[in-house]
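Engineer: First to last, the sequence lines map onto chains A and B. According to my numbering, the first sequence is numbered sequentially starting from 2. According to my numbering, the second sequence is numbered sequentially starting from 2. Here a beta-carbon is modelled for each residue, glycine too, at the ideal position from N, C-alpha and C. Okay, handing you the structure first.
Protein chains: 2
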Amino acid sequence: MTVNDIVRSCSLFLFDLDGTLYLGDELFPFTAELLRELKKHGKEYRFITNNSSKNPQDYVEKMARLGLSTQPEEFITSGLVTAHFIKDHFPEKRLYVCGTASLKAEFAAEGLRLTDSPEETDAIVLGCDTELNFKKIDDICRVLCTREVPYLATHPDESCPTEYGKMPDCGALARFLYTATGKMPQIIGKPEPLMAQLAMKLVGTPKEKTAVIGDRVETDIESGISAGTYTIFVESGAETDAAQKQFGAQADVVLPDAGKMIDALQAL
Amino acid sequence: MTVNDIVRSCSLFLFDLDGTLYLGDELFPFTAELLRELKKHGKEYRFITNNSSKNPQDYVEKMARLGLSTQPEEFITSGLVTAHFIKDHFPEKRLYVCGTASLKAEFAAEGLRLTDSPEETDAIVLGCDTELNFKKIDDICRVLCTREVPYLATHPDESCPTEYGKMPDCGALARFLYTATGKMPQIIGKPEPLMAQLAMKLVGTPKEKTAVIGDRVETDIESGISAGTYTIFVESGAETDAAQKQFGAQADVVLPDAGKMIDALQAL
Chain A
2 MTVNDIVRSC SLFLFDLDGT LYLGDELFPF TAELLRELKK HGKEYRFITN
52 NSSKNPQDYV EKMARLGLST QPEEFITSGL VTAHFIKDHF PEKRLYVCGT
102 ASLKAEFAAE GLRLTDSPEE TDAIVLGCDT ELNFKKIDDI CRVLCTREVP
152 YLATHPDESC PTEYGKMPDC GALARFLYTA TGKMPQIIGK PEPLMAQLAM
202 KLVGTPKEKT AVIGDRVETD IESGISAGTY TIFVESGAET DAAQKQFGAQ
252 ADVVLPDAGK MIDALQAL
Chain B
2 MTVNDIVRSC SLFLFDLDGT LYLGDELFPF TAELLRELKK HGKEYRFITN
52 NSSKNPQDYV EKMARLGLST QPEEFITSGL VTAHFIKDHF PEKRLYVCGT
102 ASLKAEFAAE GLRLTDSPEE TDAIVLGCDT ELNFKKIDDI CRVLCTREVP
152 YLATHPDESC PTEYGKMPDC GALARFLYTA TGKMPQIIGK PEPLMAQLAM
202 KLVGTPKEKT AVIGDRVETD IESGISAGTY TIFVESGAET DAAQKQFGAQ
252 ADVVLPDAGK MIDALQAL
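Structure follows, in structure tokens:
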């Protein structure tokens with residue numbers, strides 16, 4: 002299979018963000034042109050990100066700082082997918098959210114019920130929590146050690162890039178809490194298929210006409226495979242090493258970067 | 002070897018606290034008499050605990066609530082041992098302490114220099130931090146990702162008992178930070194020998210006349226073995242299971258509880 006085949010077959014393209022369309026705070030030089038070409042050819046695209054510390058409006062603002070105009074509807078965050086999952090499975094439960102004020106605002110905007118009281122908690126959600134404190138740790142252990150409640154994590158990433166290196170992320174927090182509670186959360190974000198499935202449902206495109214494009218095999222490519230879409234592995238991520246390149250072959254197509262899709266679009 | 006041999010040979014007895022002299026908030030019925038008998042026979046004792054969220058004065062108050070009169074000098078906490086270790090190895094370094102206000106006060110009282118600024122940090126100490134927040138996590142990752150500094154943990158315990166079950170402790174925090182930094186701290190508390198060694202130095206007793214008594218093989222008994230003291234494993238801990246009992250045989254003597262030392266003292 003070639004990138005031309007995928008670009009011809011697909012009408013929905015689900016892009017990972019960091020390492021795929023930008024790196025840290027630098028937009029890749031091809032990103033604006035790639036998105037313009039997709040629009041020009043009547044293709045839809047969405048941005049799918051495991052980061053749940055920012056909501057879609059936060060991402061619109063970040064992209065504007067990088068020089069790209071986007072709409073909130075174009076972003077499918079793991080927080081948004083988690084909110085949809087909860088609405089589908091237990092919309093009435095009161096949620097204890099271990100996450101940022103931004104994530105809580107996103108949940109509240111989706112009509113979900115939130116609580117800060119362990120006694121009132123019917124379900125627990127872990128996100129990327131840059132506002133973590135010991136009260137949250139204590140409250141969550143208190144609930145998980147004494148009751149059976151639904152327990153979700155927006156994404157499984159162990160660490161998250163920062164300007165100085167890395168900080169521990171949602172997956173590491175889940176293992177931290179596991180040492181005390183013996184319980185692990187159900188994962189919502191990539192590599193699970195839910196994020197790609199929600200994007201396809203919202204756009205109304207079947208998996209046979211959808212491609213997932215990303216720089217991480219164990220999250221992006223796995224999520225596309227498990228959702229049954231086409232997959233494109235790009236080698237433009239900060240963490241692309243020999244092992245990633247080797248396992249990148251699990252994708253339908255491997256490209257040095259997503260900019261190589263422009264030629265395929267122009268050849269349509 | 003019998004408990005009578007140890008009681009005859011030794012003049013210093015280093016007792017673990019929870020599971021050995023009390024369980025949670027209940028003093029064992031033999032504890033007061035055991036300590037009285039030791040004093041009556043001219044034996045010294047100290048309490049050695051990995052918990053660094055409380056300092057010796059906090060422990061005096063806790064023991065008073067349990068009905069036992071003690072002195073601050075009788076408590077060797079992992080925080081105190083860490084303070085001594087720092088004074089011996091790098092007394093001038095400015096410490097970033099990820100621990101309670103109580104631990105910081107203990108360090109300050111020992112004359113150590115503390116800082117809350119990652120830029121000023123020369124060394125990092127992790128304790129049992131019931132006042133943890135994201136700023137501390139971010140500050141520590143910032144230092145460990147960008148510089149080589151001494152990095153200590155007061156103790157290695159993964160979890161800590163609470164009234165509702167368990168909460169994650171210092172060892173779990175170390176692994177949480179490892180996911181981002183790739184660095185693990187040097188351990189000061191049990192099973193390392195430093196705590197028993199400091200107690201022996203402060204009392205002035207050689208290892209041949211010292212016994213460590215505790216309910217956990219992998220911390221208490223190992224620390225006695227590595228410090229070269231006699232060891233007594235007691236089966237009175239909350240977590241004494243078949244595996245602990247089996248490995249308890251690594252100790253010189255195994256007793257159902259520390260109260261069985263009273264008969265040996267009275268037989269002297």
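(1) Ignore the nearest five residues each way along the sequence and tell me which others in B/C142's own chain have a CB closer than 8 Å to its CB.
(2) In the DSSP assignment, find the alpha helix (DSSP H) that holds A/Y60 and state where it starts and stops.
(3) Whose C-beta lies closer than 8 Å to the C-beta of A/G25 among residues of the same chain, with five residues either side of it excluded?
(4) A/G100 and A/G128: beta carbons closer than 8 Å?
(5) Take the Cβ of A/T147 as the centre, count every other Cβ of all protein chains shown within 10 Å, and call the residue buried at 16 or more, exposed below.
(6) Among B/P194, B/C171, B/F48, whose alpha-carbon lies nearest the alpha-carbon of B/T78?
(7) Nearest by alpha-carbon distance to B/T50: which of B/A173, B/R217, B/E209, B/S118 is it?
(8) Let me see if you follow: with CB-CB separation under 8 Å, is B/I7 close to chain A or not?
(9) When you measure from the CB of B/T21 to every non-hydrogen atom of the ligand GTP, does any distance come out below 7 Å?
(10) Would you list, in chain order, the members of the stretch 129–140 of chain A that have their beta-carbon closer than 9 Å to a beta-carbon of chain B?
(11) Give the residues of chain B in contact with A/A102, contact being defined as C-beta atoms less than 9 Å apart.
(12) Please identify the residue among B/L35, B/T21, B/F16 whose C-alpha is closest to the C-alpha of B/Q267.
(13) Alpha carbon to alpha carbon, how far is A/E223 from A/H42? Give it in angstroms, no decimals.
(14) Flag this pair as yes or no: are the beta carbons of B/L104 and B/S53 separated by less than 8 Å?
(15) Quick one: is A/E159 near chain B, going by C-beta distance under 8 Å?
(16) Where DSSP assigns a beta bridge to B/L15, which residues make up the other side?
(17) Going by beta-carbon coordinates alone, are A/L269 and A/V98 separated by less than 8 Å?
(18) Beta strand (DSSP E) containing B/I77: first to last residue?
(19) Using the Cα positions of A/T71 and A/A65, report the straight-line distance between them to the nearest angstrom.
(20) Mind listing, in chain order, the continuous alpha helix (DSSP H) runs of no fewer than 4 residues lying wholly within the stretch 191–262 of chain B?
(21) Leaving out five residues before and five after A/G172 in sequence, what residues of the same chain have Cβ atoms less than 6 Å from its Cβ?
(22) Cα separation between B/S237 and B/G249?
(23) With a 10 Å radius around its C-beta and 16 neighbouring C-beta atoms as the bar for buried, classify B/D117 as buried or exposed.
(24) Would you give the residue range spanned by the alpha helix (DSSP H) that B/S10 belongs to?
(25) Would B/A212 pass as a contact of B/Y231 if the rule is Cβ separation under 8 Å?
(26) With distances taken from CA atoms, which of A/I226, A/Y23, A/G205 is nearest A/Q270?
(27) When the cut-off is 8 Å and only beta carbons count, does B/R1 lie next to chain A?
(28) Return the residue from the list A/A33, A/E75, A/G80 that minimises the CA-CA distance to A/Y46.
(29) Just verifying my parser: in three-state terms, what is the DSSP assignment at A/S160?
(30) Between which two residues does the alpha helix (DSSP H) containing A/R143 stretch?
(31) Just tell me which of B/G215, B/P194, B/I189, B/E219 has its CA closest to the CA of B/K208.
(32) Can you pull the chain B neighbours of A/P169, defined as C-beta to C-beta under 8 Å?
(33) Apply the 10 Å Cβ neighbour rule to A/H90 and answer buried if 16 or more other Cβ atoms are within range, or exposed otherwise.
(34) Got a sec, what are the start and stop residues for the alpha helix (DSSP H) A/C171 sits in?
(35) Can you tell me where the alpha helix (DSSP H) with A/A106 in it begins and where it stops?
(36) Pull up the distance between the alpha-carbon of A/E219 and that of B/A243, whole angstroms please.
Structural biologist: On the basis of the data shown:
(1) Taking the second sequence and counting its residues from 1, one reaches residue 142 of chain B at position 141. Hits under 8 Å: L178, A181, T182.
(2) As a working note, residue 60 of chain A is residue 59 in the first sequence. Counted as a single uninterrupted DSSP element, the alpha helix (DSSP H) harbouring A/Y60 occupies residues 57–66.
(3) Reading the first sequence from its first residue, position 24 is the one you call residue 25 of chain A. For A/G25, where only same-chain residues beyond five positions count, the Cβ hits under 8 Å are D19, P162, E164, A239.
(4) Working through the first sequence from its first residue, we reach residue 100 of chain A at position 99. Working through the first sequence from its first residue, we reach residue 128 of chain A at position 127. In contact: A/G100 and A/G128 (Cβ atoms closer than 8 Å).
(5) For this step, residue 147 of chain A is matched to residue 146 along the first sequence. With fewer than 16 Cβ atoms within 10 Å of its Cβ, A/T147 is classed as exposed.
(6) Mapped onto the second sequence, residue 78 of chain B falls at position 77. Looking only at B/P194, B/C171, B/F48, the smallest Cα-Cα distance to B/T78 is reached by B/F48.
(7) For the purposes of this step, residue 50 of chain B is taken as residue 49 along the second sequence, with counting starting at 1. The residue with the shortest Cα to Cα distance from B/T50 is B/R217.
(8) Taking the second sequence and counting its residues from 1, one reaches residue 7 of chain B at position 6. Nearest CB-CB separation between B/I7 and chain A: not below the 8 Å threshold.
(9) This structure lacks the ligand GTP; in fact it carries no ligand of any kind.
(10) Within the stretch 129–140 of chain A, the qualifying residues are D130, T131, E132, L133, N134, F135, I138, D139.
(11) The count along the first sequence starts at 1 and reaches residue 102 of chain A at position 101. In chain order: nothing, as chain B lies at least about 12 Å away.
(12) Position 266 of the second sequence, counted from the start, is the residue given in the question as residue 267 of chain B. The shortest C-alpha separation from B/Q267 is found at B/L35.
(13) Residue mapping note: residue 42 of chain A aligns to position 41 of the first sequence, counting from 1. Residue mapping note: residue 223 of chain A aligns to position 222 of the first sequence, counting from 1. So the alpha carbons of these two residues sit roughly 27 Å apart.
(14) As a first step, residue 104 of chain B is located in the second sequence; it is residue number 103 there, counting from the start. As a first step, residue 53 of chain B is located in the second sequence; it is residue number 52 there, counting from the start. Contact: yes.
(15) Position 158 of the first sequence, counted from the first residue, corresponds to residue 159 of chain A. Taking a beta-carbon distance threshold of 8 Å, A/E159 counts as an interface residue toward chain B.
(16) In the second sequence, the residue the question calls residue 15 of chain B occupies position 14. B/R47, B/V213.
(17) The count along the first sequence starts at 1 and reaches residue 269 of chain A at position 268. The count along the first sequence starts at 1 and reaches residue 98 of chain A at position 97. Not closer than 8 Å, so no.
(18) Here residue 77 of chain B is taken as the residue at index 76 of the second sequence, counted from 1. Its beta strand (DSSP E) spans residues 76–78.
(19) By 1-based counting over the first sequence, the position of residue 71 of chain A is 70. By 1-based counting over the first sequence, the position of residue 65 of chain A is 64. Computed Cα separation, rounded: 7 Å.
(20) Counting only unbroken stretches of 4 or more residues, the alpha helix (DSSP H) elements lying wholly within the stretch 191–262 of chain B are 195–204, 223–228, 243–249, in sequence order.
(21) As a working mapping, residue 172 of chain A is identified with position 171 in the first sequence. Same-chain partners within the cutoff: P157, D158, E159.
(22) As a working note, residue 237 of chain B is residue 236 in the second sequence. As a working note, residue 249 of chain B is residue 248 in the second sequence. In a straight line, the C-alpha of B/S237 is about 12 Å away from that of B/G249.
(23) One-based indexing of the second sequence puts residue 117 of chain B at position 116. The residue is exposed, with fewer than 16 neighbouring Cβ atoms inside 10 Å.
(24) Here residue 10 of chain B refers to the residue found at position 9 when the second sequence is read from its first residue. Note, B/S10: alpha helix (DSSP H), 4–10.
(25) Here residue 212 of chain B refers to the residue found at position 211 of the second sequence. Here residue 231 of chain B refers to the residue found at position 230 of the second sequence. For B/A212 and B/Y231, yes; Cβs fall inside 8 Å.
(26) Residue 270 of chain A lies beyond the stretch modelled for chain A, which goes from 2 to 269, so this question has no answer here.
(27) The first residue shown for chain B is 2 and the last is 269, placing residue 1 of chain B beyond what the model contains.
(28) As a working note, residue 46 of chain A is residue 45 in the first sequence. Out of A/A33, A/E75, A/G80, A/E75 has the C-alpha closest to the C-alpha of A/Y46.
(29) Within the first sequence, numbered from 1, the residue matching residue 160 of chain A stands at position 159. Strand, per DSSP.
(30) Along the first sequence, one-based indexing puts residue 143 of chain A at 142. Unbroken alpha helix (DSSP H) run through A/R143: 135–147.
(31) Counting from 1 along the second sequence, the entry for residue 208 of chain B is found at position 207. Answer by Cα proximity: B/P194.
(32) For the purposes of this step, residue 169 of chain A is identified with residue 168 of the first sequence, where counting begins at 1. Within chain B, the residues near A/P169 are I138, C142, F177, L178, T180, A181.
(33) The residue you call residue 90 of chain A lines up with position 89 of the first sequence. Classification for A/H90: exposed.
(34) The residue you call residue 171 of chain A lines up with position 170 of the first sequence. Segment 171–182, the alpha helix (DSSP H) holding A/C171.
(35) One-based indexing of the first sequence puts residue 106 of chain A at position 105. A/A106 -> alpha helix (DSSP H) spans 102–110.
(36) Counting from one through the first sequence, the residue named residue 219 of chain A turns up at place 218. Counting from one through the second sequence, the residue named residue 243 of chain B turns up at place 242. Rounded to whole angstroms, A/E219 to B/A243 spans 40 Å at the Cα level.
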